[in-house]
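Below: one structure, written as structure tokens.
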Amino acid sequence: MRVDYPRIIKESEEELKKLLKKEKDVRKYRKIKAIYLLKIIPNATLGKAAERLDLKYQTIKEYWREYREGGIERVSTLQYKGRIPRLSKEEFERFKERAKEGFESLKEMQEWIREEFNKELSIKTISYWCKKLGIKKKGQTFEYQER
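Counting from 1470, one number per residue, gives the positions in the sequence shown under the working numbering.
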């Protein structure tokens, strides 16, 4: 069954062009471009659009699903599906508060997290979060510093 994309897509070709011109984020631009191509390509298919954008069919299919569910507004908003954080916001806050007192080492932080939250984080992950949260080594201890 062939889908008549140009008829289903509510926005005009000109409206989509305007959105493309003003969009700065590459990922949003790519999503809007996919919808634009489905609008303008004669006998458009998801496969043709994927080929033109050098994307996987599954990616274009996801963009189309987003469009069907929420229109161009949904397509032009980013929804990252990244990894769920290992620590909740509350746990991060407690970790920052504890870091104000200072830690002797990353290993000590790892053990504190294990005891306090019953979670296993690698030293690499803890180091990453220290950098992200502004926890720096001061002399012999790691301390959180307000930015």
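Cβ atoms here follow ideal geometry from the backbone N, Cα and C, with glycine treated the same way.
Cβ-based burial, residue i [other Cβ within 10 Å; buried from 16]
i, result
"E1585", "exposed"
"E1535", "buried"
"Y1526", "exposed"
"Y1597", "exposed"
"K1502", "buried"
"K1508", "buried"
"E1582", "With the sequence shown as reference, residue 1582 is identified as Ile, and Glu is not the correct amino acid for it. Result: buried."
Terminal residues of the alpha helix (DSSP H) in which residue i lies
i, result
"E1480", "First-last for E1480: undefined, no H or E at that position."
"T1528", "1526–1544"
"L1590", "From DSSP, L1590 is part of no alpha helix (DSSP H); its letter is neither H nor E."
"F1586", "1575–1586"
"A1519", "1515–1522"
"R1496", "1495–1509"
"F1572", "Here F1572 belongs to no alpha helix (DSSP H), and DSSP marks it neither H nor E."
Simplified DSSP state of residue i, which is helix, strand or coil
i, result
"K1606", "strand"
"L1623", "Nothing can be reported for residue 1623, as the shown portion of the chain is limited to 1470 through 1616."
If contact is defined by three or more beta carbon pairs under 8 Å, each pair taking one atom from either stretch, is the segment 1562–1581 in contact with the segment 1522–1536?
no
Contact between the segment 1566–1582 and the segment 1535–1546: three or more CB pairs below 8 Å?
no
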